[in-house]
Amino acid sequence: MARVSPTFVRTSAPEFWEDVYARGGDGWELGAPAPSLVEFVESTPPPRGRVAVPGCGRGHDARYLATRGYAVTGFDWAPAALSAARRLARGEGVDVAFESRDMFTLGRDLPNAFDGVWDYTCFCAIDPARRAEYVRSLVGTLRLGGWLLANFFPLRALTPGPPFVVSPAEVRRLLAPSFWIERAGPPLRSPRGRQSREWMVLARRTGA
Ligand SMILES: C[S@@+](CC[C@H](N)C(=O)[O-])C[C@H]1O[C@@H](n2cnc3c(N)ncnc32)[C@H](O)[C@@H]1O
59 MARVSPTFVR TSAPEFWEDV YARGGDGWEL GAPAPSLVEF VESTPPPRGR
109 VAVPGCGRGH DARYLATRGY AVTGFDWAPA ALSAARRLAR GEGVDVAFES
159 RDMFTLGRDL PNAFDGVWDY TCFCAIDPAR RAEYVRSLVG TLRLGGWLLA
209 NFFPLRALTP GPPFVVSPAE VRRLLAPSFW IERAGPPLRS PRGRQSREWM
259 VLARRTGA
């Protein structure tokens, strides 16, 4: 039987993430929307509509998209992240929904509910053994013809994980059954320290 590392097991529980927030271990926090997202939306905005932001953390990307005219729901399962996300949205007067949910239930419970999905640093937070299942959940919640915009990070391993290392070849393989990849390549903007470690994709849902 394959050995499963304890880290992989723990990351599949909300308590793991709540504890990371509680001890200030959220080294991914940018305090602002992802530069790759802002650049992409300012230059080539995907069609407006209902957008899901999985693993939204404190919701900077979700708020940003809402201010650009998208009807956004940010999902996370760490109470600390969600309460900060709601507080920040209230404080800025941004109309955006935040929901506590395990990403693996999205496709089953909210089928065809979204026109678009933006993923940044949720994919790399998922146990790599569950990535295919995660992608299936995103496929399920995205309507046919809907778009997936995702910035994958890190292309080289930083720690044993999370974030768990990602490769373009693996992403292409996982997306192939249900998506047509329209654009792929390094984002034009990355946060300091993440340059050359990110790979961005715009894909359309073409199948089940
Ligand atoms: C690395 S953080 C990134 C947060 C945010 N995207 C950002 O860039 O600031 C990953 C987030 O995904 C959430 N997460 C991980 N697995 C999840 C799951 N199965 N369901 C819901 N949220 C999940 C964690 O609680 C955490 O807030």
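Note that the numbering used here has the sequence shown beginning at 59, numbered continuously upward.
Beta carbons are placed, not taken as given, at the ideal position from N, Cα and C, and that holds for glycine.
Item                                                                                                                                                                      : Value
With DSSP run on the structure shown, which of helix, strand or coil describes residue 220?                                                                               : coil
Could you please give the first and the last residue of the uninterrupted alpha helix (DSSP H) stretch that includes residue 198?                                         : 189-199
Tell me whether residue 100 is buried or exposed, calling it buried when 16 or more other Cβ atoms sit within 10 Å of its Cβ.                                             : exposed
Any heavy atom of ligand 1 closer than 7 angstroms to the CB of residue 173?                                                                                              : no
Between residue 125 and the rest of its own chain, which residues show a CB-CB distance below 7 angstroms, the 5 nearest in sequence each way excluded?                   : 152
Are at least three pairs of beta-carbons, each pair with one atom in the region 104-111 and one in the region 80-95, less than 8 angstroms apart?                         : no
Touch check for the region 87-101 and the region 206-223: three-plus C-beta pairs under 8 angstroms?                                                                      : yes
How far does the alpha helix (DSSP H) with residue 268 in it reach, from first residue to last?                                                                           : Because residue 268 is not part of the residues shown, which for the chain are 59 to 266, the question remains open.
What do you get for residue 212, buried or exposed, if any count of 16 or more other CB atoms within 10 angstroms of its CB means buried?                                 : buried
Contact between the region 190-206 and the region 137-151 is defined here as three or more beta-carbon pairs at a separation below 8 angstroms; is this criterion met?    : no
Quick one: grab the DSSP three-state call for residue 100.                                                                                                                : helix
Let me confirm a value: residue 119 is counted as buried when at least 16 other C-beta atoms fall within 10 Å, else exposed. Which label applies?                         : buried
Runs of 4 residues minimum, wholly inside the region 104-181: which ones carry the alpha helix (DSSP H) assignment?                                                       : 118-125, 137-150, 164-167
When you measure from the CB of residue 161 to every non-hydrogen atom of ligand 1, does any distance come out below 7 angstroms?                                         : yes
When we look at the beta-carbon of residue 231 and count the other beta-carbons within 10 Å, is it buried (16 or more) or exposed?                                        : exposed
Let me check understanding here. Comparing Cα to Cα, which of 117, 200, 248 lies closest to residue 237?                                                                  : 200
Short of 6 angstroms in beta carbon distance, which residues of its chain neighbour residue 73, apart from the five on each side in sequence? Order them along the chain. : none
Taking only heavy atoms of ligand 1 into account, decide whether any of them is closer than 7 angstroms to the Cβ of residue 136.                                         : yes
With H, G and I counted as helix, E and B as strand and the rest as coil, what does DSSP make of residue 68?                                                              : helix
From which residue to which residue does the alpha helix (DSSP H) around residue 241 run?                                                                                 : Residue 241 -> not in any alpha helix (DSSP H); beta strand (DSSP E) instead, spanning 237-243.
Classify residue 246 as helix, strand or coil using the three-state DSSP reduction.                                                                                       : coil
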